[in-house]
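Right, one structure below, let's go through it.
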Amino acid sequence: MNTRRTFLKSSIALAAVATLDLPVKKDKQKLSFSTLGCPKWTLTEIVKTAAKEGYDAVEIRGLQGELYLPKCPEFSTPEQIASTRKLFADHKIKICNLGASTALHQLDAEKRKKNLDEGRAFIDLAQQLGCPYVRVFPNDLPKDQDREKTIDMIGEGLLELANYAKGKNVIVLLESHGEVIWKDMLLRIMKQAEHPNVGLIWDIFNMWSVTKEPPAEVYAALKKYIRHAHIKDGRLVDGKLAYTFIGKGEAPLTEAINALEGGGYKGYYSFEWEKMWHPEIPEPELAFPDYPAAIKPYFNVGRR
1404 MNTRRTFLKS SIALAAVATL DLPVKKDKQK LSFSTLGCPK WTLTEIVKTA
1454 AKEGYDAVEI RGLQGELYLP KCPEFSTPEQ IASTRKLFAD HKIKICNLGA
1504 STALHQLDAE KRKKNLDEGR AFIDLAQQLG CPYVRVFPND LPKDQDREKT
1554 IDMIGEGLLE LANYAKGKNV IVLLESHGEV IWKDMLLRIM KQAEHPNVGL
1604 IWDIFNMWSV TKEPPAEVYA ALKKYIRHAH IKDGRLVDGK LAYTFIGKGE
1654 APLTEAINAL EGGGYKGYYS FEWEKMWHPE IPEPELAFPD YPAAIKPYFN
1704 VGRR
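For the sequence shown, our numbering begins at 1404 and goes up steadily by one.
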């Protein structure tokens, strides 16, 4: 009887709790920023800012003007790499991606080797840093090269780097960049380079500003491959692209983020503030604190 009474009380209590309008805890979206936005900062400044402003990770695309990371003192020896890892760990910030300049469209044997060698060097560094991703470019479709052969060589280069990354806990990510930004072309390359160590970075504004392909359609086509997202905003001014803070431009971020969230995307929403290439835009001291608050409303659209 006592057992039955206890069971009934427990059942009633559980039923009462179930009727409460309790908020459902959702996984927090992961935020990062690219060091492209702070080309003059030291690594310590970068990590401390990421921690202070509520970011989860940093995407390293150059450091103090040096794009080839193995040349940087912070990444040059096992001891320095250990110190760099400790700096990030002490501030509870991850390194989510290393941005290489590797371009896979080159048909010239010497240029191709140089690019692939750089990709391999970044893969080795990523392994040492415990970083999951290395970004590479497709990147162009030169008029003096056969178009079909160029596209095929991009896929072949991606596969070559993926095979090198196998067993190193590193995935090679091709970014939608340069002239290779159309969803059907990217899909062709990704199918050709089908491999566990291959993925895609969706630079939403990069693509849309040229192709005007609806983000929902882009995501539907490329969902299987998207591991990382670059977020930025901007508008056309006198026929030229001008970058703005998030929400102040014309980028179709609502549609794109709805597609990502609805599709179960678990990667980073990485703020790519291109200060390195556009010194005229506002300083990182203004841009980086703005992003976490500016991007947050996009995660709630369509889910109220």
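Cβ atoms here follow ideal geometry from the backbone N, Cα and C, with glycine treated the same way. Keep in mind that this is a model prediction, so the values were computed, not measured.
Spanning the alpha carbons of Pro1476 and Pro1617 requires a straight line of approximately 43 Å. If you draw a straight line from the Cα of Leu1446 to the Cα of Trp1680, it comes to about 19 Å. Rounded to whole angstroms, the gap between the alpha carbons of Leu1639 and Ile1604 is 23 Å. Judged by beta-carbon spacing, Val1583 lies within the 8 Å limit of Pro1541, meaning their Cβ atoms are closer than that value. Closest in alpha carbon position to Leu1434, among Pro1442, Lys1451 and Glu1462, is Glu1462. Taken through DSSP and simplified to helix, strand or coil, Lys1451 comes out as helix.
Ala1690 has its alpha-carbon roughly 14 Å from the corresponding atom of Lys1455.
Look at Trp1605 here: in three-state DSSP terms it is strand. Between Tyr1567 and Pro1599, the alpha-carbon positions lie close to 12 Å from each other.
In the DSSP secondary-structure assignment, Asp1555 is not bridged to any residue. The C-beta distance from Ala1453 to Ile1496 rounds to 5 Å, short enough to meet the 8 Å contact threshold. Per DSSP, the beta bridge partners of Leu1639 are Leu1644.
Residues of the same chain with a CB within less than 6 Å of the CB of Val1621, apart from the 5 flanking positions on each side, are Lys1586 in chain order. DSSP, read as helix, strand or coil, puts Asn1566 in helix. By the neighbour-count criterion, in which 16 or more other beta carbons inside 10 Å mark a residue as buried, Asn1661 falls on the buried side. Rounded to the nearest whole angstrom, the C-alpha separation of Leu1510 and Pro1687 is 37 Å. Under the DSSP assignment, Val1461 falls in the beta strand (DSSP E) whose first and last residues are Ala1460 to Ile1463.
Rounded to whole angstroms, the gap between the alpha carbons of Tyr1668 and Lys1626 is 9 Å.
Distance between Val1539 and Pro1700, taken at the CA atoms: about 30 Å. Excluding sequence positions up to five before and after Ala1624, its CB lies within less than 6 Å of the CB of Lys1586 and Leu1590, all in the same chain and listed in chain order. When the beta-carbon positions are compared, Ile1498 and Leu1532 come within less than 8 Å of each other. Residue nearest to Leu1663 within the set Asn1703, Gly1560 and Arg1523 is Asn1703 (criterion: CA-CA distance).
The Cβ neighbour count for Gln1483, taken over all protein chains shown within 10 Å, is under 16; the residue is labelled exposed. Around the beta carbon of Glu1597, fewer than 16 other beta carbons lie within 10 angstroms, which makes this residue exposed.
With distances taken between CA atoms, Gly1440 lies nearest to Pro1692 out of Ala1696, Lys1431 and Pro1692. With fewer than 16 neighbouring CB atoms inside 10 Å of its own CB, Ala1645 falls in the exposed class.
Judged by DSSP secondary structure, Thr1505 falls within the beta strand (DSSP E) whose first and last residues are Lys1497 to Ala1506. Ranked by Cα distance from Ala1654, the first of Lys1489, Asp1641 and Ile1698 is Ile1698. Annotation: the region 1609–1692 contains the following complete segments of the alpha helix (DSSP H) (minimum length 4 residues), in chain order: 1618–1625 and 1656–1665. In the three-state DSSP reduction, Ile1584 falls in the coil class, being neither helix nor strand.
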